[in-house]
Amino acid sequence: MALESTKAILEKAKREGYAVGAFNINNMETVIAVMDAATELNSPVIIEVTEGAIRYMGIKMASNMVKILSEDVTIPVALHLDHGKKWETILKAIESGFTSVMIDASDRPFEENVEMTQRVVEVAHNAGVSVEAELGRLTGLEDDISVADREAFLVDPEEAENFVTLTGIDFLAPAIGTSHGAFKFKGEPKLDFERLKQVKAKTHIPLVLHGASSVNDRLLGEAKRYGLELQGARGLSDDILKKAVDEGINKVNTDTDIRIAFTTGIRKVLLQKPSVFDPRKILGQARDFMKETVKERIKVLGSRDKG
Ligand code: G3H
Ligand code: 13P
Ligand code: ZN
174 MALESTKAIL EKAKREGYAV GAFNINNMET VIAVMDAATE LNSPVIIEVT
224 EGAIRYMGIK MASNMVKILS EDVTIPVALH LDHGKKWETI LKAIESGFTS
274 VMIDASDRPF EENVEMTQRV VEVAHNAGVS VEAELGRLTG LEDDISVADR
324 EAFLVDPEEA ENFVTLTGID FLAPAIGTSH GAFKFKGEPK LDFERLKQVK
374 AKTHIPLVLH GASSVNDRLL GEAKRYGLEL QGARGLSDDI LKKAVDEGIN
424 KVNTDTDIRI AFTTGIRKVL LQKPSVFDPR KILGQARDFM KETVKERIKV
474 LGSRDKG
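So for the sequence shown, this note's numbering puts the first residue at 174; every next one is plus one.
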């Protein structure tokens, strides 16, 4: 199939009450792992690339790999620009056939965020491309966070309502206590669900959870076995993630879990088979581990058999 509109995928998820995984890719092995996992579970899927991934492999490589592979499957596949910050990259992604782009101006004052997002929405919508934007700053929610910090970092529901009205975005990523990477929380993981509920009630568009990797014990155990050092790593439990989906999250971004699976696969082969130097044997194991991880995520998000 040709690429599917991200908006169509996420509006369906919103109507039916589940979330679709948006998986970050940086190379061919990861695209294949994600596509295979989604196909086996008959799930819609969003493949996303950051500006860093584009610098690494080029936008042509990224978009063509995804387009070509999507031709051979029957599940809906969308292609998304994750954390777009540069105007040129956003334009290039729109020209290259991405089905959605994120404008990430969340580190700017509210008015500037609105202004930049409005500009992106105008160009993207003219090309039939949907737009995600972010409000608040991604930072782990700790027990000792002060009320002032909580208000400064996390999304303000009133502001979210105004932002959506002023910009006409299609999806909103509200900061509710997650952060990127493998070290999300020092204490017990928790999210501000009350805030999420309020944002949902005031915005009525699909919501996105960034920094949603599980960094779970299975991944960490295996990673440790093959020598990856991730002392103190902690992510989002399946229960917390399921609750976030129940409260209105429809797009869930995952990068870190895939990175850990990839590295673990490579380490395993290099450690257990010191005489192997065929890249296909090394990267093949990495691909298999990533596929397992993506399948785990799809099952938690509830998008299995929604393809
Ligand atoms: O937010 C997305 C990623 O986890 C960071 O990715 O290193 O490609 O910018 P990046
Ligand atoms: P993780 O670091 O939790 O995988 O988050 C990825 C992400 O939000 C990409 O935009
Ligand atoms: Zn993110």
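C-beta atoms are modelled at their ideal positions from N, C-alpha and C, and glycine is treated no differently.
Please read these numbers as outputs of a predicted model, since none were measured by experiment.
Once DSSP output is grouped into helix, strand and coil, what is the label at residue i?
i	result
D255	strand
G114	Only positions 174 to 480 of the chain appear in the structure, and residue 114 is not among them; the question remains open.
T466	helix
F450	coil
E284	helix
V222	strand
F326	helix
Would you say the beta carbon of residue i is closer than 6 angstroms to some non-hydrogen atom of the ligand 13P?
i	result
S279	no
T427	yes
S386	yes
H353	yes
D419	no
Terminal residues of the continuous alpha helix (DSSP H) containing residue i?
i	result
E367	F366 to T376
P330	P330 to T340
T262	W260 to E268
F435	T429 to Q445
L392	D390 to R398
Could you tell me the boundaries of the beta strand (DSSP E) in which residue i lies?
i	result
S481	The chain is shown from 174 up to 480; residue 481 falls before or after that span and cannot be answered.
A300	Segment: none, A300 is in no beta strand (DSSP E) and carries neither H nor E.
I276	S273 to I276
L486	Residue coverage of the chain in this structure runs from 174 to 480, which leaves residue 486 outside it and unanswerable.
Given a cut-off of 7 angstroms on the beta-carbon distance, is the pair residue i and residue j in contact?
i	j	result
A355	L403	yes
S387	L409	yes
G405	S352	no
I219	A195	yes
N426	P379	no
L252	F283	no
V293	D343	no
V193	M238	no
I263	P217	no
Could you check if residue i belongs to the surroundings of the ligand ZN, using beta carbon to heavy atom distance under 6 angstroms?
i	result
H383	yes
Examine the ligand G3H and report whether any of its heavy atoms sits within less than 6 angstroms of the Cβ of residue i.
i	result
H298	no
G408	no
G350	no
G225	yes
H256	yes
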